[in-house]
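Protein chains in written order, with my numbering: chain A, 1 to 110; chain B, 1 to 114. Even for Gly, the Cβ is constructed at its ideal location relative to N, Cα and C. One structure is given below, encoded as structure tokens.
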Amino acid sequence: QKEVEQNSGPLSVPEGAIASLNCTYSDRGSQSFFWYRQYSGKSPELIMFIYSNGDKEDGRFTAQLNKASQYVSLLIRDSQPSDSATYLCAVRTGRRALTFGSGTRLQVQP
Amino acid sequence: DGGITQSPKYLFRKEGQNVTLSCEQNLNHDAMYWYRQDPGQGLRLIYYSQIVNDFQKGDIAEGYSVSREKKESFPLTVTSAQKNPTAFYLCASSIEGLRTGELFFGEGSRLTVL
Chain A
1 QKEVEQNSGP LSVPEGAIAS LNCTYSDRGS QSFFWYRQYS GKSPELIMFI YSNGDKEDGR
61 FTAQLNKASQ YVSLLIRDSQ PSDSATYLCA VRTGRRALTF GSGTRLQVQP
Chain B
1 DGGITQSPKY LFRKEGQNVT LSCEQNLNHD AMYWYRQDPG QGLRLIYYSQ IVNDFQKGDI
61 AEGYSVSREK KESFPLTVTS AQKNPTAFYL CASSIEGLRT GELFFGEGSR LTVL
């Protein structure tokens, strides 16, 4: 079982819709969770991080964490074509380096 | 401007040659990392260093070597022992001791073996 799993997509949503990206992780000791956005050919940039159960909102983005289910998600409201990118979920356990999922490609259709 | 600088951005190598990718940061971060990304894949950890003169192997360290002689610098050498080195290489840094431990990335180096 992979440590961090994501559906590779592509996830296609119309402009203005809500995009829902999901991630599961295997280590119950994981304590910090990150969402990075990566445009083609570029390096990842941090969108959000979360470490407490529940929701965390930042503008159009909401991260949701459920440690009991080992599940973290990212919601993007009012999706824009500029949101089209690959979204990487990453998990930190103890002092280890971040472990990344393989990413979900999001396509927002104008 | 504070940040992470990777060089070169693009590098071509003949089989059997060693190459060194540079990574310099002026963020005063303690920890530095090297990740590899293959097309359509996530990031896989090669090596990381949490303090000067110390580093640990990641998940795919075979065929790679690193050094950490200065806090600001963490060069990666791709040796001829690395069987399939063509990939996008990302250097990152973070502040140790923070609960979150978010990574800040350089712009990446794309290595192609001819």
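- Not a single C-beta of chain A is nearer than 8 Å to the C-beta of B:Leu-11.
- At a Cβ-Cβ threshold of 8 Å, B:Leu-43 and B:Gln-37 count as neighbours.
- At a cut-off of 8 Å between beta-carbon atoms, B:Tyr-64 makes no contact with chain A.
- Three or more Cβ pairs closer than 8 Å define a contact, and the segment 85-103 of chain A meets that threshold against the segment 37-53 of chain A.
- At a C-beta separation below 7 Å, B:Tyr-48 has these neighbours in chain A: Ala-97.
- Our two residues, B:Lys-83 and A:Asp-27, have alpha carbons roughly 30 Å apart in a direct line.
- For the beta strand (DSSP E) assignment, the uninterrupted runs of no fewer than 3 residues enclosed by the segment 5-89 of chain A are, from N- to C-terminal side, 11-14, 19-25, 32-38, 45-50, 54-58, 61-66 and 71-76.
- Under the three-state reduction of DSSP output, B:Thr-86 falls in the coil class, being neither helix nor strand.
- Our two residues, B:Glu-72 and B:Asn-28, have alpha carbons roughly 7 Å apart in a direct line.
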